[in-house]
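Below is one structure, written out as structure tokens, with a few remarks after it.
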Amino acid sequence: MNQTMEKMAKMGESEYTHLIRVAFGQTTPLSATDAGDETPDFFDPTLNDSQKEAVRFALAAGEVALIHGPPGTGKTHTLIELIRQLVRRGLRVLVCGPSNVSVDNIVERLVPHGVPVVRVGHPARLLPSVLDHSLEVLTQTSDAAAIVQDVRREMDEKQASIRKTRTGRERRAIYQDLKELRREFRDREAKCVDNLVRESSVVLATLHGAGSHQLRNQRFDVVIIDEASQALEAQCWIPLLPASKVVLAGDHLQLPPTIKSDRPKTGDRVQTALERMMGDLSVQDGEVARKIALQTTLFDRLLALHGPGIKRMLTTQYRMHERIMRFPSDELYEAKLVAGEAVQARLLTGLPYEVQDTDDTREPLVFWDTQGGDFPERSEGDEMGNRQALLGGESKSNEMEAAVVARHVAALVAAGVRPDDIAVITPYNGQLAVLARLLRDKYPALELGSVDGFQGREKEAVVVSLVRSNAEHEVGFLAEKRRLNVAMTRPKRHLCICGDSETISRGSSFLKRWMAFLEEHADLRYPDASELM
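Each residue of the sequence shown is one higher than the one before, starting from 1 at the first, in the UniProt record's numbering.
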């Protein structure tokens, strides 16, 4: 990232690509209509209308296209169709993501369609299912690799013959031969790698991996960045500096990349590069540039810069029961989400194994409201002293609320729901530790995690512990809409929220509306603290 930012900061204006000028507001992007509006012959007959529109739009766009994929809307499914359409047109595609898992997921989905792919990355970090398509394995199994292996064998034989030599002259001669063979081996291996990458229609790497020496002189017609809302902008520029077109796919209404410090240091390379690139803009826009922080993703910035005309949203979701989907759709996705027919009414009682019909399993949305002050939160600092708080490690927990969660999980399991189909998540690590003590030994297959760590995941049933309950009505980082969006969009058939509506509804207007929604549309329950003692 540092190298890319330094390179960017040193670029003269004559070196700016048209994509760079668009990305920094120096020119407007070529619209899809200008680029040639077309309706392709789709490979996948199961695509819905919004997915088809996103593919058509991305194909026709000039320099930039954003595909906004809310939870469960088939973003990866859409990208696979887009990649196949680009390959059909004879274009070379570089596909990147911020993590190895995000990239491997696309490799797994592409391979069955017979698309020639090369996955660049260290084999130890790749999923076993994609190893055969990794550059490392291909350089040993392809036709060109045979010549490289011949040189390797000759080197091994020379190395072994050194032990049999008796004179220094013979040894020097062998070392000279080895030196030549090593040079030949490096040249042939580099040529083999270069040919493999050059002949592949689709190359896949993490954003950092796109800066590897294997891709140094490669040129691609289109760069696709998946999970772009989880990527730092500095990461994105690694593959984008030489690019002419980018398609960014993600959901800017879920959590951004994790940033440990949001205050840039003096001379910060990211800040310097961004300000330099925006230097020719008006003072007002320059002020915007100076306010750019690490957590502002490229997806966010391009959307703010050029408006919704560069974006298409996927609108049919295939994960959640309609009632679970309703609030996030109305509040965050302009009420545009529609539940697919197969999922809109599915319940835990419809799982492909026997589940009893109970008050819990027949309800898609349950709210245990702990208001009234009998379920108070605690800070780790209350027991551990102020040092923990001073170190920034203070977290919150709520033991009484954890007991409510444990009882709800027990009821689901007693009704027949398998523990491995249930996840319990919370925004606070302190609460996670309390929940682990109560649940881990009893249900080893149950998934316990933080809300942030569960982004991108899904389960049949999800129980969320909100923790906050205090006389001051403070909610801390629960006020972050995107964190709550992640929490409430993980389940397929059943969402149970445990929290204090009195505290939480005072945190923000968004939280107030959420509590009102739950009171009206969820199966509302009030736990009795005396029963949990």
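For every residue, glycine included, the Cβ atom is placed at its ideal position computed from N, Cα and C.
Which word fits residue i, buried or exposed, when buried means at least 16 other C-beta atoms lie within 10 angstroms of its C-beta?
i, result
"His252", "buried"
"Thr361", "buried"
"Ala173", "exposed"
"Arg219", "exposed"
"Ala461", "buried"
"Thr206", "buried"
"Pro242", "exposed"
"Arg319", "buried"
"His122", "exposed"
"Ala406", "buried"
"Ala23", "buried"
"Pro527", "buried"
"Lys396", "buried"
"Phe375", "buried"
"Arg183", "exposed"
"Gly217", "In the sequence under discussion, the amino acid at residue 217 is Asn, which differs from the Gly named in the question. Counting Cβ neighbours within 10 Å, Asn217 comes out exposed, since fewer than 16 surround it."
"Glu6", "exposed"
"His175", "The question names His, yet the displayed sequence has Tyr at residue 175. Counting Cβ neighbours within 10 Å, Tyr175 comes out exposed, since fewer than 16 surround it."
Hey, would you say residue i sits closer than 8 Å to residue j, going by beta carbons?
i, j, result
"Ala345", "Leu298", "no"
"Thr76", "Val55", "no"
"Ser201", "Arg92", "yes"
"Thr315", "Val338", "yes"
"Ile422", "Leu412", "yes"
"Leu135", "Leu232", "no"
"Met515", "Ser530", "no"
"residue 535", "Ala58", "Residue numbering for the chain in the displayed model covers 1 to 533; residue 535 lies beyond these limits and cannot be assessed."
"Pro427", "Val451", "yes"
"Asp523", "Val366", "yes"
"Glu458", "Lys492", "yes"
"Ser465", "Glu401", "yes"
"Pro364", "His306", "no"
"residue 602", "Ser244", "It is not possible to answer for residue 602, since the shown part of the chain is limited to 1 through 533."
"Arg326", "His521", "yes"
"Leu255", "Val486", "yes"
"Arg440", "Leu432", "no"
Per DSSP, residue i forms a beta bridge with which residues?
i, result
"Pro491", "Lys459"
"Asp523", "Val366"
"Thr297", "BP columns for Thr297 are empty, so no partner."
"Cys96", "Ala205, Ile225"
"Ser397", "Arg378"
"Arg119", "Ser134, Leu204"
"Leu248", "Leu66, Ile225"
Spatial neighbours of residue i within its chain, please: C-beta separation below 6 Å, excluding the five flanking residues on both sides.
i, result
"Asp357", "Thr349"
"Gly250", "Glu227, Ala228, Ser229, Phe299"
"Leu484", "none"
Give every residue of the same chain whose Cβ lies closer than 8 Å to the Cβ of residue i, excluding the five residues on either side of it in the sequence, and list them in chain order.
i, result
"Asp50", "Note that residue 50 is Ser in the sequence shown, not Asp. Within the same chain, Ser50 has close Cβ partners Thr73, Arg312, Met313, Leu314, Thr315, Thr316."
"His408", "Asp360, Val366, Trp368, Val463, Cys496, Cys498"
"Ile80", "Asp44, Ile106, Arg109, Leu110, His113"
"Gln235", "Met1, Pro98, Leu207, His208"
Can you list, in chain order, the residues of its chain with a C-beta nearer than 7 Å to that of residue i? Leave out the 5 residues immediately preceding and following it.
i, result
"Phe30", "Looking at the sequence provided, one finds Leu at residue 30 rather than Phe. Excluding sequence neighbours, Leu30 sits near Gly62, Glu63."
"Gln85", "Pro40, Val55, Leu59"
"Ser508", "Ala479"
"Phe510", "Glu331, Lys481"
So, is the C-beta of residue i closer than 8 Å to a C-beta in chain B?
i, result
"Thr297", "Among the chains in the structure shown there is no chain B, since it carries only a single protein chain."
Handout entry: Uninterrupted beta strand (DSSP E) stretches inside the segment 358 to 385 (no shorter than 3 residues)
Key = Fully contained in the segment 358 to 385 are the following beta strand (DSSP E) runs of length 3 or more, in chain order: 365 to 369.
Exercise for the section: May I have a chain-ordered list of the alpha helix (DSSP H) segments no shorter than 4 residues that lie completely inside the segment 297 to 333? Expected result: 298 to 306, 322 to 332
Problem - Complete runs of the beta strand (DSSP E) confined to the segment 10 to 57 [at least 3 residues] - result: none
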